Amino acid sequence: GDYRVTLVDRSAAQLAAAELPAGVATQELDIAATGELEKILAGKFAVLSAAPFHLTTRIAEAAAATGVHYLDLTEDVISTRRVKELARGAKNAFIPQCGLAPGFISIVANDLASRFDTLESVRMRVGALPQYPSNALNYNLTWSTDGVINEYCEPCEAIVEGALIEVPPLEEREEFSLDGVTYEAFNTSGGLGTLAETLKGKVRTLNYRTIRYPGHAAIMKALLNDLGLRHRRDVLKDIFESALPSTLQDVVIVFVTVSGRRNGRLLQETYANKIYSHRVGNIVRSAIQITTASGICA
Numbered sequence: 001g002d003y004r005v006t007l008v009d010r011s012a013a014q015l016a017a018a019e020l021p022a023g024v025a026t027q028e029l030d031i032a033a034t035g036e037l038e039k040i041l042a043g044k045f046a047v048l049s050a051a052p053f054h055l056t057t058r059i060a061e062a063a064a065a066t067g068v069h070y071l072d073l074t075e076d077v078i079s080t081r082r083v084k085e086l087a088r089g090a091k092n093a094f095i096p097q098c099g100l101a102p103g104f105i106s107i108v109a110n111d112l113a114s115r116f117d118t119l120e121s122v123r124m125r126v127g128a129l130p131q132y133p134s135n136a137l138n139y140n141l142t143w144s145t146d147g148v149i150n151e152y153c154e155p156c157e158a159i160v161e162g163a164l165i166e167v168p169p170l171e172e173r174e175e176f177s178l179d180g181v182t183y184e185a186f187n188t189s190g191g192l193g194t195l196a197e198t199l200k201g202k203v204r205t206l207n208y209r210t211i212r213y214p215g216h217a218a219i220m221k222a223l224l225n226d227l228g229l230r231h232r233r234d235v236l237k238d239i240f241e242s243a244l245p246s247t248l249q250d251v252v253i254v255f256v257t258v259s260g261r262r263n264g265r266l267l268q269e270t271y272a273n274k275i276y277s278h279r280v281g282n283i284v285r286s287a288i289q290i291t292t293a294s295g296i297c298a
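Its first residue numbered 1, the sequence shown is counted upward by one per residue in the working numbering.
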């Protein structure tokens, strides 16, 4: 098409290791450095933030300063509030939280909800899991370690009995089966995106939970709460990245259930899907890469 893409990272080694399609340029740059990102954004059409959540506001502020359209994949609630502030009165577009969750799952849930006259509950579940778990956590690293830890530590938005509230992460654990496999799900932060605001006053129950294999939540609660690693996230990140291998052999599970009334009848509709890693072009991409990119590209 009539466009050019440049991948920016502060690490030359990471840029060299990136498996990129033909025609994608790279540029080594520390985006946290004052004024540097603004220089390369000048004259560009859009910037897509796929950086760790703590850099979200930095990139959004650079987009605001240069008038460049802005999109991101963040799950972080606080940084998204800052992006919304920047969007007020701006002539360029600001489109946060448009990956898998938040992002695609919100589109699925809203589409299902639109089919009802009145809503009772919207329950959203997403997980990016290894196909072949081989450790006590039953988990491999498939996306941002900072993002995983953040969603396990920060408060979670939910609508309970019609009221928008915050609930604690890692709580309200449940189990369910899909295609004969048992999973657990529990509260994590950020997955609702702006859907809580959209459906406030229209639904009795709205919640988002992350899917894992059984046993994961108990170990994470021990690490974060009993051992206090929620207050030493850098230590936990180092442990994860030293001990948990990454994998391309993953599966993304999307499971959304909506109940409500249509023509006076109480009904339920469910969307359930499993997405596996596969080859895109000549490159094998993980399921989380495919689903995240699909959300923002759409």
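From the three backbone atoms N, C-alpha and C, an ideal C-beta is built for every residue, glycine too. Note that this is a predicted model, so its numbers are computed, not measured.
Of the residues assessed, residue 262 falls on the exposed side of the cut-off, its CB having fewer than 16 other CB atoms within 10 angstroms. DSSP places residue 59 inside the alpha helix (DSSP H), whose first and last residues are 56-66.
In the DSSP assignment, residue 254 falls within the beta strand (DSSP E) that extends over 250-262.
In the DSSP secondary-structure assignment, residue 208 is bridged to 124. Excluding residues up to 5 positions away in sequence, 156, 158 and 187 lie with their Cβ nearer than 6 Å to the Cβ of residue 167 in the same chain. If you compare the alpha carbons of 251, 218 and 151 with that of residue 173, the shortest gap goes to 218. Its chain contains 130, 131, 132 and 277 as the residues whose beta carbon lies nearer than 7 Å to that of residue 249, once the 5 sequence neighbours on both sides are disregarded; these appear in chain order.
Contiguous alpha helix (DSSP H) elements confined to the region 83-127 occur at 104-113, taking only those with 4 or more residues.
Put simply, the backbone Cα of residue 266 is about 50 Å away from that of residue 2. Residue pairing by DSSP places residue 187 opposite 209 in a beta bridge. The closest CA to that of residue 148, considering only 230, 34, 91 and 71, is found on 230. Residue 48 holds the alpha-carbon nearest to the alpha-carbon of residue 63 among 252, 73 and 48. Shortest Cα-Cα distance from residue 184 to any of 213, 195, 161 and 163 involves 213. For the options 203, 215 and 60, the alpha carbon positioned closest to that of residue 82 is the one of 60. About 6 Å separates the beta carbon of residue 76 from that of residue 150, a gap short enough to meet the 8 Å contact definition. For residue 148, the enclosing alpha helix (DSSP H) has its first and last residue at 145-153. Look at residue 242 here: in three-state DSSP terms it is helix. Per the coordinates, the alpha-carbon of residue 134 lies some 9 Å from the alpha-carbon of residue 140. Taking each of 142, 68 and 118 in turn and checking the Cα distance to residue 290, the smallest one comes out for 142. Secondary structure at residue 230: helix, using DSSP grouped into helix, strand and coil. For residue 268, the enclosing beta strand (DSSP E) starts and ends at 265-276.
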